[in-house]
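Protein chains in written order, with my numbering: chain A, 105 to 309; chain B, 105 to 309; chain C, 105 to 309; chain D, 105 to 309.
Contents: one structure, followed by commentary.
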DNA sequence: CATGAATGAGAATTCATTCAT
DNA sequence: AATGAATGAATTCTCATTCAT
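See below:
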């Protein structure tokens, strides 16, 4: 009757994921997870500290990707402005989002729509806050290098942009847009906004 | 001990609003509302059919404003295309959102961030779906009048635009942007997007 | 807005009857009665001491008929055995039941099927107990007059007979037998049992 | 503090049975059952899905006996009409009822008198309906074999007979007739009615 | 006679989590 | 690692009835 540790973990997470997706974090009970996964209710607590811990474990891969995304921007060589001009950065970002969505559509669904009640309920907000700070630093760096251009955007404006990226993800998930269509949408979205950015940056010229 | 009907209603709603704002719908208990408002728990049920009913009552004003917004667009004279050119429409819409946000910032907060678990949990989605259908009809009408221009946008694209309007509201609320700043943001937002629209509509010319 | 006393009473009872019939005593709430009848909930208590009192009032006519039935048997002239031979008595009884059912089918429905939870929940039992005692006395009297015949029936046997009369009523009500068919059934029933009685009474002869 | 599963089950059911018997299903609270049985209120829900489930579990044995009774009649060899003449059938049926009553007097009491409010509230009606259908089929079969005799009884008449069997049970239970007396009563009852049936079946001859 | 406000006890059920084994 | 038993606080909601006006 004893399965291997990994086996149990995978099994519980797999079933829990299904139920979380259907009912959301708050309305999912540990009991149901136990029953559906065939693992003893109390045994689950040998693997996960709490319901929240279980949820976080499930959703960890996508959360980590986002964290790595942030980290990569902290790495100085990634802001080598001579290499990485603003629009290029937008493109890169969009590509990353797109990639994440392809790999983790379900988990994103969980994270963005089903996490109410969990400790990740505010993930979007927290992440975009960080991303905003990041971006502001980047802008500052750029200002040193191209002082002639306009780099003074309000934090709020930057934040909005970060969030709207998520909005895009949310819409694609919610309307079950196919991967192929989604890719196209990302490209269009970036083009659309790159024009916007360019106009703003070269503003007074 | 007997207060007037209005008194009770106001009192309960006022306290409930506070707690809903702090904890969200799901994590707020009727018990607490009763205690904080000084109204007997069971007595509340003489005024509101259920916790959900109470929440909806509190949030009704802003919900109604949105409904009226939709209704006004159903009224043919509001889509008098000869009078109401696309960008103008966007401006009008933005003004309406801005106005709603000024009047009902707290209620919007409830509706957009704290409604998980209630029957209004999907308000944003439902409203933007309706708004999208509305817009598509408008586009159709325009096509009859200006057949040379491009009016074929995908429902998804339209929907995104509707949702991003909400994203803007959400950001303003969440970051506690002052009314004055918010107004400015709305104007900039509309300008920014009007340019986008124009380019798209006059596309092939 | 003020209706006459009678008016209110009738109105409340009429609506209450409907609801009691649909849901039974226990699952009917005074609130619903108040709402459906358009009479203020607390005002109902000016007319009826309690929910139970209301139920009893509604059902009073049929209860009284049964009481009168009992009383009439207490009246010595109704047991004038020279006039009223056993089978005749059965017939008379059946006729009475039939008559009651014709006049009060709804109330019987209430009394027999919907009274659980009220003070009349055990009406059938209580009535048949009384009827049984009655009958035993009658048998005793008969024994004085026709000592040659067999009059020694167990109380239980008598009781069964009384109850089965109710069973008949219950079936007719539950299966919504038409008045006409019901009448025929009563006649057949009595004939069937009269034969039974005769055989038993003349047993050893 | 931990008892074995069986222990708990038995203990809860035993106490619940007592209370149900005293107060009836509707007026019995899970609270009281928990207190009296010394089992934590919420713990009961680890064994029984609901109050109704608990009640049904208690009463299951007798319900099953009735189900088996029905099933046995569905088995063709049990309606081997050459072997099983009508009166014999009646006798067999009575014997079965008698047997059930001997084994499950308390549970019958619950089922017939205390089940109001539970999902078994209409057990008698539902069972007799089924039994009636059964009997009608049997009559049809008999008609093929003994076409000269009268087999055309109205469903209602058949139903009455089925119900009266229950009435008998009810009376025996309610008046706490001893097992011995009850047996005698069943025999007399069957004899009494067998005569009735014979007369009816050979009616026109 | 009528009303709206109020009450307070009580209902079933849920749930995440812990504990002893 | 695994299990079944146990917990206890919490939850929404119901209801007959009373009271002040």
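From the three backbone atoms N, C-alpha and C, an ideal C-beta is built for every residue, glycine too.
Query                                                                                                                                                                              : Result
Check whether the Cβ of residue 212 of chain A sits closer than 6 Å to any heavy atom of the ligand FAD, and report yes or no.                                                     : In terms of ligand content, the structure shown is empty, and the ligand FAD therefore cannot be addressed.
Which word fits residue 252 of chain B, buried or exposed, when buried means at least 16 other C-beta atoms lie within 10 angstroms of its C-beta?                                 : exposed
Within 10 angstroms of the Cβ of residue 117 of chain D, are there 16 or more other Cβ atoms? Answer buried if so, exposed if not.                                                 : buried
Using three-state DSSP, classify residue 219 of chain D as helix, strand or coil.                                                                                                  : coil
Relative to the C-alpha of residue 193 of chain C, which residue among C:282, C:235, C:136 and C:278 is closest?                                                                   : C:235
Count the other CB atoms within 10 Å of the CB of residue 303 of chain B; is the residue buried (16 or more) or exposed (fewer)?                                                   : exposed
Can you name the residues of chain D whose CB is closer than 8 Å to the CB of residue 272 of chain C?                                                                              : 264
Shorter than 7 Å from the beta carbon of residue 267 of chain A to some beta carbon of chain B?                                                                                    : yes
Hey, out of D:287, D:132 and D:177, whose CA is closest to residue 158 of chain D's CA?                                                                                            : D:132
Looking at the secondary structure, which residues open and close the alpha helix (DSSP H) in which residue 267 of chain B lies?                                                   : 259-278
Does residue 248 of chain A pass the burial test, meaning 16 or more other C-beta atoms within 10 Å, or should it be called exposed?                                               : exposed
Whose Cβ in chain D lies nearer than 9 Å to the Cβ of residue 260 of chain C?                                                                                                      : 275, 276, 279, 281, 285 and 289
My understanding is that residue 205 of chain D touches residue 273 of chain D, with C-beta atoms under 8 Å, so please give their C-beta distance in whole angstroms.              : 6 Å
What residues of chain B sit near residue 306 of chain A, judged by a beta carbon separation below 9 Å?                                                                            : Within chain B, no residue comes near residue 306 of chain A; the closest Cβ sits about 15 Å away, beyond 9 Å.
Please classify residue 254 of chain B: does DSSP put it in a helix, a strand, or coil?                                                                                            : coil
Using a Cβ-Cβ cut-off of 7 Å, state whether residue 220 of chain C counts as contacting chain D.                                                                                   : yes
Whose CA, out of B:284, B:278 and B:266, lies closest to the CA of residue 297 of chain B?                                                                                         : B:266
Taking buried to mean at least 16 other C-beta atoms within 10 Å of its own C-beta, is residue 221 of chain B buried or exposed?                                                   : buried
Hey, quick one: how far does the alpha helix (DSSP H) through residue 225 of chain B stretch, first residue to last?                                                               : Here residue 225 of chain B belongs to no alpha helix (DSSP H), and DSSP marks it neither H nor E.
If you count every other CB in all the chains shown that lies within 10 Å of the CB of residue 142 of chain B, and 16 or more means buried, which is it?                           : exposed
So, for residue 153 of chain C: in the same chain, excluding its five sequence neighbours on each side, which residues have a beta-carbon less than 7 Å away from its beta-carbon? : none
Starting from residue 300 of chain B, find everything on chain A with Cβ-Cβ shorter than 8 Å and list it in chain order.                                                           : 296 and 300
Starting from the beta carbon of residue 310 of chain C, find every residue of chain D whose beta carbon is closer than 9 Å, and list them in chain order.                         : Because chain C in this structure spans residues 105 to 309, residue 310 of chain C falls outside the shown range and cannot be described.
Residue 144 of chain B: which of B:245, B:115 and B:237 sits nearest, CA to CA?                                                                                                    : B:115
Using the Cα positions of residue 105 of chain C and residue 123 of chain B, report the straight-line distance between them to the nearest angstrom.                               : In this predicted model, residue 105 of chain C has a pLDDT of only 45, less than 50, meaning its place in the structure is not dependable; the value taken from the coordinates is given anyway. In a straight line, the C-alpha of residue 105 of chain C is about 41 Å away from that of residue 123 of chain B.
Which full runs of the alpha helix (DSSP H) of 4+ residues lie inside the stretch 132-168 of chain D, going along the chain?                                                       : 134-141 and 145-148
Counting only beta-carbon separations shorter than 7 Å, does residue 130 of chain B have a partner in chain A?                                                                     : yes
Looking at the secondary structure, which residues open and close the alpha helix (DSSP H) in which residue 293 of chain C lies?                                                   : 283-305
Quick check on residue 201 of chain A: does DSSP put it in helix, strand or coil?                                                                                                  : helix
DSSP three-state label for residue 177 of chain C, please.                                                                                                                         : helix
Does the pairing of the stretch 160-169 of chain B with the stretch 204-219 of chain B give three or more beta-carbon distances under 8 Å?                                         : yes
Between the C-alpha atoms of residue 262 of chain D and residue 225 of chain D, what's the straight-line distance to the nearest angstrom?                                         : 22 Å
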